[in-house]
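Notes follow once the structure below has been shown.
Written out as structure tokens, the structure is:
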């Protein structure tokens, strides 16, 4: 269903973009023809037709900019990918033959959280396309377990010389150092880029309908002077350019991509905290396996992950910043 809806909304973006641009360009052409036409019925017909087309274009643009079809399509692509990942995880657990009641409850909670994070309907539950500031996507259920504590408690865990369930003091320090790089480099960078794209998208979403609205008003005054003839034609051309850049360039999709990437790093941070802050080593995920999974998610080998941790520790001691990002994938 999410895949089908995603394809449908991608088609919305293409069809609406082409339709609005054709309407706007036609209205601009009619305003230009009206400017060189004589007085009488032909002039009135051209002016009225141009004004109506510009008005229709303005209304359609307001709706299109409100729902952001390219962003809607990207949301459903992400939902499809995450549901496939969850399906694969469930199938693997069943194949191993060890699903517990707790796992079943977690799986159901994950499905419900995903469905809430990427809703199919538009009315009432659509994700806000223009929030006040960038917020990473969140598709994980809220856990009521006391295993996850505040970030400030990380340093309160007692240092031990143990090695249990694949964990030891060195591995724990390594994971913390990698998390520090993720927070200072990757997450901050995606937040900066996300806010930038959000501002650009807001500006374009306002500029398009504003220009077509100006053109609609200006087209009613065509023939009453040189400037009144220029305004609707130029405003219509600019509106077409703005609309093409916003929706042809799929700025909304880029915004959702940054939001999703931010959510990915937020998920990794939560996973690291959940394991590192659990003082009972037996309740943690196996340390060696967790290290391998972390390296794979960041697109690194184990040796590269350990090198990154060493760089992070050295930079912290020297008071400098690491010159590379934690993730090599995006």
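Residue numbers (my numbering): 24 to 353.
Glycine residues also receive a C-beta, built at the ideal position from the N, C-alpha and C atoms.
With contacts defined as CB atoms closer than 8 Å, residue 96 and residue 36 qualify as a contacting pair. With respect to residue 225, residue 153 sits close: the two C-beta atoms are nearer than 8 Å. Spanning the alpha carbons of residue 104 and residue 265 requires a straight line of approximately 31 Å. Residue pairing by DSSP places residue 89 in no beta bridge whatsoever. DSSP, reduced to helix, strand and coil, places residue 191 within a strand of the structure shown. Under a 10 Å Cβ-count criterion, residue 86 is classified as exposed, with fewer than 16 other Cβ atoms of the shown protein chains found around its own Cβ. CA-to-CA, the gap between residue 191 and residue 213 works out to about 32 Å. Excluding residues up to 5 positions away in sequence, 332, 336 lie with their Cβ nearer than 8 Å to the Cβ of residue 196 in the same chain. Per DSSP, residue 254 is one residue of the alpha helix (DSSP H) stretching across 249 to 266.
Distance from the CA atom of residue 63 to the CA atom of residue 246, rounded to whole angstroms, is 11 Å. By the neighbour-count definition (other C-beta atoms within 10 Å, threshold 16), residue 313 is a buried residue. Between the region 201 to 212 and the region 338 to 353, the count of Cβ pairs shorter than 8 Å is three or higher; the stretches touch. In the structure shown, residue 314 adopts helical secondary structure according to DSSP, grouped into three states. Closest by C-alpha distance to residue 160, out of 281, 100, 193, is 281. When rounded, the separation of the alpha-carbon atoms in residue 187 and residue 137 is 34 Å. Fewer than three pairs of CB atoms, one per stretch, sit closer than 8 Å, so the region 317 to 325 makes no contact with the region 338 to 346.
In the assembly as shown, residue 129 is an exposed residue. Its beta-carbon has fewer than 16 other beta-carbons within 10 Å. By the beta-carbon neighbour count (other beta carbons within 10 angstroms, threshold 16), residue 81 is buried.
Residue range 25 to 59 is occupied by the alpha helix (DSSP H) that includes residue 32. Burial check for residue 31: the Cβ neighbour count within 10 Å stays below 16, so the residue is exposed.
When secondary structure is reduced to three states using DSSP, residue 152 falls in the coil class, being assigned neither helix nor strand. Two segments are said to touch when three or more pairs of C-beta atoms, one from each, lie closer than 8 Å; by this definition the region 45 to 62 touches the region 227 to 246. Between residue 41 and residue 263, the gap from beta carbon to beta carbon reaches 8 Å or more.
Ranked by Cα distance from residue 58, the first of 25, 121, 252 is 252.
Shown here, residue 351 sits in coil according to DSSP, grouped into three states, outside any helix or strand. At the C-beta level, residue 294 and residue 217 stay beyond 8 Å of one another.
Between residue 98 and the set 111, 151, 345, 78, the nearest pair of CA atoms involves 151.
In this structure residue 102 touches residue 141 by the C-beta definition: roughly 4 Å separates them, less than 8 Å.
The criterion of a C-beta distance shorter than 8 Å is not satisfied by residue 260 and residue 88. Put simply, the backbone Cα of residue 112 is about 11 Å away from that of residue 119. Distance check between residue 286 and each of 164, 324, 256 places 164 closest, using alpha-carbon atoms only.
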